[in-house]
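Here is the structure we will look at, set down as structure tokens.
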Amino acid sequence: MDCINTFENNNDNLSEIIKKTVEFVKEEINSYNDPSHDYNHIERVWKLAKNIAEKENYVDTNNSERPTELLELAALLHDVKDHKYLKKGEDENTCSNTIISFLTSNNYPLESAQKIALIVSQISFKNELGNFSTNQLLLESKIVQDADRLDAIGAIGIARSFSFGAIRNRPFYEEGTMKLMNSDLKTVDMSQEQYKKQTSPTIDHFYEKLFKLQSLLKTETGKAMGIKRHQFMVDFIKQFNNELNNE
5 MDCINTFENN NDNLSEIIKK TVEFVKEEIN SYNDPSHDYN HIERVWKLAK NIAEKENYVD
65 TNNSERPTEL LELAALLHDV KDHKYLKKGE DENTCSNTII SFLTSNNYPL ESAQKIALIV
125 SQISFKNELG NFSTNQLLLE SKIVQDADRL DAIGAIGIAR SFSFGAIRNR PFYEEGTMKL
185 MNSDLKTVDM SQEQYKKQTS PTIDHFYEKL FKLQSLLKTE TGKAMGIKRH QFMVDFIKQF
245 NNELNNE
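Just so you know, the sequence shown maps onto residues 5 to 251 in the working numbering.
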């Protein structure tokens with residue numbers, strides 16, 4: 005069987021900084037040892053971000069030669085030093101510091117590197133559980149955020165959720181999950197701190213986060229793409245509940 009052609013192998017016109025970033029991200033992400041946040045996820049988000057950017061007519065006016073390069077770098081780097089995988093001695097500043105250090109060490113302009121670090125810092129779901137105002141979001145942040153969230157829902161999102169749950173040794177469901185599945189898709193309100201510390205069963209994650217994501221998409225393209233993916237999750241949970249009830 006032929007191997008799946010990776011996105012970068014189908015793009016012969018990649019800049020040197022994109023190529024170097026792909027290799028850097030592969031090394032960083034492999035240390036997570038988690039299929040829900042592996043390089044395949046990064047590549048899907050990269051591809052989705054480019055697709056959304058094209059449909060939204062996005063261009064970086066500061067780089068006419070490569071008008072989506074900065075956006076693509078943010079998509080590629082968006083899970084570097086993710087808070088879920090921080091090691092002892094690392095904190096939430098480690099992400100921005102690592103991104104800026106990597107890019108500037110490869111002669112990428114400091115101001116652009118700082119903007120990429122800002123984009124990455126803005127896209128996390130946990131931000132919207134705090135006092136962060138979405139009015140602060142850069143256009144690039146909205147595009148990369150939508151790409152990341154689209155990969156968190158639908159069929160792929162379901163697969164990723166169960167993969168993450170397995171890595172963290174979480175059950176599919178518990179007694180309280182049954183109440184959620186009979187609540188007519190009522191989502192669970194959580195604070196930022198509660199979300200960061202939660203260890204809920206995998207099915208609960210749909211009510212804590214995944215069912216909320218469609219309404220939090222920012223671009224018109226993302227919103228349109230999210231409709232079918234959201235409904236797929238709804239149908240999946242309904243069928244899951246039916247089977248638990250021996251139907």
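Note that beta-carbon positions come from the ideal geometry of N, C-alpha and C, so glycine has one too.
Worksheet item: Does the distance from the CB of residue 169 to the CB of residue 236 come in under 7 angstroms?
Response: no
Discussion item. If you reduce the DSSP assignment to three classes, tell me which class residue 39 lands in.
Written reply: helix
Worksheet item: What is the C-beta distance between residue 124 and residue 75, in whole angstroms, given that I count them as a contact (C-beta under 8 angstroms)?
Response: About 12 angstroms separates the two Cβ atoms, so there is no contact after all.
Item to complete: Can you tell me which of 251, 200, 192, 152 puts its alpha carbon nearest to the alpha carbon of residue 56?
Response: 152
Worksheet item: Given that a residue counts as buried once 16 or more other Cβ atoms are within 10 Å of its Cβ, and exposed if not, what is residue 41?
Response: buried
Fill in: With 16 other Cβ atoms within 10 Å as the buried cut-off, status of residue 184
buried
Worksheet entry | Given 8 angstroms, three or more beta-carbon pairs between the stretch 64-79 and the stretch 21-38 | yes
Worksheet item: In chain order, what residues of the same chain have a beta carbon less than 7 angstroms from the beta carbon of residue 81, not counting five sequence neighbours either side?
Response: 25, 29, 103, 120, 124
Worksheet item: Does the stretch 65-73 come close enough to the stretch 193-201 to have 3 or more Cβ pairs within less than 8 angstroms?
Response: no
Worksheet item: Can you tell me the Cα-Cα spacing of residue 83 and residue 92, whole angstroms?
Response: 18 angstroms
Discussion item. Measuring straight from C-alpha to C-alpha, what distance separates residue 231 and residue 239?
Written reply: 12 angstroms
Practice prompt. Within its chain, find whatever has a CB closer than 7 angstroms to the CB of residue 116; leave out the 5 residues flanking it on each side and keep chain order.
Written response: 74
Worksheet item: Short check: CB of residue 205 to CB of residue 178, under 7 angstroms?
Response: yes
Worksheet item: residue 19 to residue 59, Cα distance in whole Å?
Response: 22 angstroms
Worksheet entry | Length-filtered (4 minimum) alpha helix (DSSP H) runs lying within the stretch 196-232 | 196-201, 206-212
Worksheet item: Using a Cβ-Cβ cut-off of 7 angstroms (strictly less than) and excluding sequence neighbours within five positions of residue 90, which residues of its own chain qualify?
Response: 98
Practice prompt. Give me the Cα-Cα distance between residue 163 and residue 39, rounded to the nearest whole angstrom.
Written response: 9 angstroms
Worksheet item: Where does the unbroken alpha helix (DSSP H) through residue 28 begin, and where does it stop?
Response: 20-34
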